[in-house]
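Heads up, the thing below is written out as structure tokens.
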Amino acid sequence: SGLSVFLKTGFTKSGPNGLAFDKEGRLTICEHGNRRVSRLETDGSLTVLAERYRDKRLNSPNDLVYRSDCLLYFTDPPFGLHDKNARELPFSGVFLFSEGNLELLSDELSGPNGLTFSPDEKYLYVGDDNQGKPVIHRYEVNSDGTLFKGEVFFNAGSVTKAIGLDGMKSDMEGNLYVTATTGIIIISSIGKHLGTLQVPEGITNIAWGD
15 SGLSVFLKTG FTKSGPNGLA FDKEGRLTIC EHGNRRVSRL ETDGSLTVLA
65 ERYRDKRLNS PNDLVYRSDC LLYFTDPPFG LHDKNARELP FSGVFLFSEG
115 NLELLSDELS GPNGLTFSPD EKYLYVGDDN QGKPVIHRYE VNSDGTLFKG
165 EVFFNAGSVT KAIGLDGMKS DMEGNLYVTA TTGIIIISSI GKHLGTLQVP
215 EGITNIAWGD
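Residue numbers (my numbering): 15 to 224.
Quick look at the structure:
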């Protein structure tokens, strides 16, 4: 037991951000500072999955989630860019990665951050900074993994003074648990604020145990 270093990444300025395991137990990493998404293989090598979209470097991949069929979704806001002039994409994207192909699903959000599926995977939720007015968007998910019918699901500014929202997860009943500087906001599957778990410091991500 205890805390130890698992991997020295060699990141520049901003370190790694969102993490997720695929079905084979390989760790997938949003390399926030290195502007790419990579996968740690079982032999210890690192495979870069996504680094450019249409020959332009990604902004700073922030969070990611796998669908049960291994489709990989991630958000790409500019939060990790210390030099704003280094930005190459004119938008903040929600991307889908599958079998070596990178597809832009949405470019309409100003600061997409945490994301998670509903338990039945019919919906994808994405937190958005929305220029200082944090909201959660909900998209319906097609069988091929693409998104449609995006809508504002919850206005987080109504219950928190947080500058923005960060990581999120859903439970087995479809409730959302969304991290913010004021605590963990709990929202029902119909968009009702159920309460906020207070924590002593700002919280940026969350994961379930069993």
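The beta carbon of each residue, even a glycine, is placed where N, CA and C say it ideally should be.
Everything numeric in this text was worked out from a predicted model, so none of it was measured.
Between S203, D83, S52, which has its C-alpha nearest P75's C-alpha?
Residue S52 is the option with its Cα nearest to P75.
Going by beta carbon distance, what residues of the same chain come within less than 6 Å of R71, once the five residues before and after it are set aside?
R49, E102, listed in sequence order.
Alpha carbon to alpha carbon, what distance is there between D158 and L86?
The straight-line gap from Cα to Cα measures roughly 12 Å.
Three-state secondary structure (DSSP) at S202?
Coil.
Three-state secondary structure (DSSP) at S124?
Looking at S124 - three-state DSSP - the assignment turns out to be coil, as it is neither helix nor strand.
Ordered along the chain, which non-local residues of its own chain (more than five positions away) have a Cβ less than 6 Å from that of T10?
Outside the shown range of the chain, which is 15 to 224, sits residue 10, and nothing can be said about it.
Would the region 188-197 and the region 205-219 be scored as touching if the rule is three or more Cβ pairs under 8 Å?
Taking 8 Å as the limit for Cβ pairs, the verdict is that the region 205-219 does touch the region 188-197.
Could you give the residue range of the beta strand (DSSP E) that holds A34?
Counting along the chain, the beta strand (DSSP E) containing A34 begins and ends at 33-35.
Using 10 angstroms around the beta-carbon of M186, count the other beta-carbons present and answer buried if the total reaches 16, otherwise exposed.
Under this definition M186 is an exposed residue.
So, is P104 buried or exposed, given that buried needs 16 or more other C-beta atoms within 10 angstroms?
Exposed, by the Cβ-count rule.
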